[in-house]
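One structure is given here, and the rest of the page talks about it.
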Amino acid sequence: MTMSSSGELTADMPSVDDVIDSLRNFGLADYGVFVSMLLGCGCIGVYFGFVKRSRGEAEYLVGGRNMKTFPVSMSLIASFISGISLLGMPTEIYVHGTSYLCIGLGVVIVGFIMSGVYLPVFHDLRLTSTYEYLELRFDRRIRILGSLLFAIGIITWLPIVIYVPALAFNQVTGVNIHVVTPFVCIVCIFYTCMGGLRAVVWTDFVQTFIMFGAMLLIVVKGTADLGGLSVVIRRNLDSGRLEIPTADWSPLTRHTIWSLVLGGCVHWLQIAAINQNMIQRYLSLPTVAHAKRALWSFIIGVLILIGICGYAGMLVYAWYHECDPLTTKLARAKDQLLPLLMMNILGDVPGMPGLFVAGVFSAALSSLSTGLNSMAAVVLEDFIKSFRKTPFSPKTVDILMKLTVLILGVACTGLVFVVEKTGSHVLQLSMSLGAITSGPSLGIFSMGVLVPWINANGALIGGLSGLAFMGWISLSAEAAIASGKIRFDEKPVSTEGCTYSFQKSENLLLMLPPETLLNDPVEGEPMVIYRLSYLWYTVAGTLVTMCVGLLVSFVSSENVDKLDPALMAPFIRKYLRRQRPPQQQQQQQLQVMRLGPAKTGSASTMDRGGRESIREVPTL
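Just so you know, we're using the UniProt record's numbering here: the sequence shown kicks off at 1 and counts up by one.
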């Protein structure tokens, strides 16, 4: 029965569908702004694909290692912040309060760890694929394992990256997602395929400003229309949303200061420190000093964007504090809250809805192009060249890289249909798969960089153990959530002030990932470990991987004297015996790995990690 919030018939009141239709004012000016953004990205691809053509593998994948710091910093921000973040973070604040914003402290810690431990190692080795390090440090088996973990994460993440902003576009315009998705993806595949890393970085550079501009436009205009900052703060304070996290030591509590700072730090460390998407940008810079400057610019940019998105969530609640759009189904999905707010405050201004949609899609395109370019590097370096003894011709390399981008882009576009059909379950499952692979990946790299006596068998068995453990935890928790045995608390909402009619219903559980695990299960108690906070998932996977790896390595032993100090973190190197200049040694070894033995009579003798003598092999 159609009724008001008080339960009375409301035949004279507009319905939810009437309100949605009245808010859809996406006109020609808005389409013009949106299409202009896509055409601009396409022009950048044309410029770097035909005018400033990328010649050679190093130019295509790492920009010739002479990119400028500022555009790379902006590219890092754009790659890190997807459309899911722009739309999902405000929803997190709206539903669960401001505790999540303390994760910014973890991001700052990531900057210190990254600059002192991981970045100098990867940059000094002049790698193309991050996973080349695993073969240098261990052997080819570990390299393939690391590459597979990355590939699984990318293939399950990119379709969601495409789908979520398309869902927002549907909320604003009513256009079917399968009309806009192929059109947008074709543009992204084109400029990524033609222009390589330079095109990706410069489109990210432009898209970062569009993204920031769209978010700032909403928060400034929305705050002014509402009556000022004091109104926003007061309404969130009255509802209990403006809060700091508890200091509870229980790992089952969804958000605590410990899980946000420590767990969030480890989770983001995996993304920022060892993920090919991010490392490939740092490797495009000429020196470690440039890379560190880009890193801290990235950290500052991410903190600013977290703050803006967090405030946007507070603004959403301040606007709808008397009529919850999730209960009334004015927003049919959690990721449509921010687009709904935009329609309310900017819908009547020509071009402004188009700018917002362009900002959301800019975040998605930057993540998609980064993923495609990174997968091209991984497929070429780890899945093709590592099994081939003779080098490819430059033309063949160019064809292989572009073909990889094309095939993966088309596949991810097609998988959007799967995301749509499976609904919330696939969103949760995909995020769980991310947790399954991130912990083992970070554990393997951390063992290699920090622990000299870890050997290949320890890294392999540890990685597989972490993968199995996190697969069990994540999938079991997903099953418990789907069955209703695990539920989560939400901040209070109201529908007392609604001016339109809606179908009275419970405020359904939002489509949130395993991070929503909390108390109050129904029909029987699930295992305690299934209720572990999502912020500890990467920590758990990393610890299991490292503990098993250490145990296996102690049993099988490793000759630390043969280990090249260049493969270890800078503060570890002074404890190891230096055989010869590390950069020269590793460049020589990479030359052998990529091109095979030189044809000039040179010879090489290497152990499984290539750390024995190499004689007369040309340097890069």
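From the three backbone atoms N, C-alpha and C, an ideal C-beta is built for every residue, glycine too.
| request: Mind reading off the beta-carbon distance from residue 322 to residue 494? Whole number of angstroms is fine, and I expect it under 8 angstroms. | output: 5 angstroms
List, from N- to C-terminal side, the alpha helix (DSSP H) runs of 4 residues or more that fit wholly inside the region 344 to 409.
352 to 378
inquiry  = Here's the rule I'm using: 16 or more other beta-carbon atoms within 10 Å means buried, otherwise exposed. How should residue 571 be labelled?
reply    = exposed
**Closest Cα partner of residue 162 within the set 470, 39 and 370** = 370
| message | Please classify residue 220 as buried or exposed, where buried requires at least 16 neighbouring CB atoms within 10 angstroms. | response | exposed
Report the rounded CA-to-CA distance for residue 522 versus residue 384, giving the unit in angstroms. Its pLDDT being 44, under 50, residue 522 is placed unreliably in this model, and the value from its coordinates should be taken loosely. Spanning the two alpha carbons is a distance of roughly 50 angstroms.
* Asked: Does DSSP classify residue 18 as helix, strand or coil?
  -> helix
Distance check for residue 237 and residue 490, CA to CA, integer angstroms please.
15 angstroms
* Asked: Among 399, 326, 277 and 498, which one has its Cα closest to the Cα of residue 77?
  -> 277
- Task: Have a look at the DSSP bridge pairing and note the partners of residue 501.
- Result: 15
Rounded separation between residue 473 and residue 337 - CA only:
Each residue's Cα considered, the two are about 31 angstroms apart.
### Query
Could you give the residue range of the alpha helix (DSSP H) that holds residue 157?
Segment 140 to 173, the alpha helix (DSSP H) holding residue 157.
- Task: Could you pull out every residue in the same chain whose Cβ sits closer than 6 angstroms to the Cβ of residue 214, ignoring the five residues on either side in sequence?
- Result: 355, 356 and 359
- Find the nearest neighbour of residue 477 within the set 435, 466 and 446, judged by alpha-carbon distance. Measuring from the Cα of residue 477, the nearest candidate turns out to be 435.
- residue 256 by DSSP, collapsed to three states: which one? strand
Give the DSSP bridge partners of residue 246, in chain order.
-> 256
Close Cβ partners of residue 88 (< 7 angstroms) along its chain, the five nearest in sequence each way excluded: 335
Under the rule that 16 or more other beta-carbon atoms within 10 Å means buried, what is residue 280, buried or exposed? Buried.
| Would you report the Cα separation of residue 14 and residue 500, rounded to the nearest angstrom? | 5 angstroms
Of all the alpha helix (DSSP H) runs that stay within the bounds of the region 300 to 337, which reach a length of 4 or more residues? As summarised for the region 300 to 337, the continuous alpha helix (DSSP H) elements at least 4 residues long and confined to that stretch are 325 to 328, given in chain order.
- Which value, in whole angstroms, describes the spacing of the CA atoms of residue 318 and residue 345? 13 angstroms
Less than 8 angstroms between the CB atoms is what I'm expecting for residue 569 and residue 117, so what's the real figure, rounded? 5 angstroms
Please report the straight-line C-alpha distance between residue 21 and residue 415, rounded to a whole angstrom. 29 angstroms
| task | Give the single residue among 468, 492, 449 and 535 whose Cα lies nearest to the Cα of residue 138. | result | Taking each of 468, 492, 449 and 535 in turn and checking the Cα distance to residue 138, the smallest one comes out for 449.
Write down the C-beta distance between residue 106 and residue 264 rounded to the nearest angstrom, noting that I regard them as a contact closer than 8 angstroms.
4 angstroms
- Start and end of the alpha helix (DSSP H) containing residue 486? Looking at the DSSP string, residue 486 is not in any alpha helix (DSSP H), and its letter there is neither H nor E.
Exercise for the section: Would you check if the distance between the CB atom of residue 546 and the CB atom of residue 446 is smaller than 8 angstroms? Expected result: yes
query = Using CA coordinates, which residue listed in 540, 574 and 561 is at the minimum distance from residue 259?
reply = 540
### Task
May I have the straight-line CA-CA distance separating residue 461 from residue 241, to the nearest angstrom?
44 angstroms
- Presumed contact (8 angstroms Cβ cut-off) between residue 148 and residue 440, rounded CB distance: At roughly 10 angstroms, the Cβ-Cβ gap does not stay under 8 angstroms, so residue 148 and residue 440 are not in contact.
Q) Smallest Cα separation from residue 243: which of 567, 90 and 100? A) 100
Can you give me the C-alpha to C-alpha distance between residue 529 and residue 470, rounded to a whole angstrom?
11 angstroms
Problem set entry | residue 26 classed as buried or exposed, judged by whether at least 16 other C-beta atoms fall within 10 angstroms | buried
> Roughly how far, in whole angstroms, is the beta-carbon of residue 203 from the beta-carbon of residue 372, given that I think they are within contact range, below 8 angstroms?
Replying inline: The beta-carbon separation of residue 203 and residue 372, rounded to 12 angstroms, does not stay under the 8 angstroms limit for a contact.
- Message: What does the Cβ neighbour count give for residue 249, buried or exposed, with the cut at 16 atoms within 10 Å?
- Response: Residue 249 comes out exposed.
Point to revise | Own chain, CB closer than 7 angstroms to residue 34, minus 5 neighbours either side, in chain order | key: 354, 357 and 358
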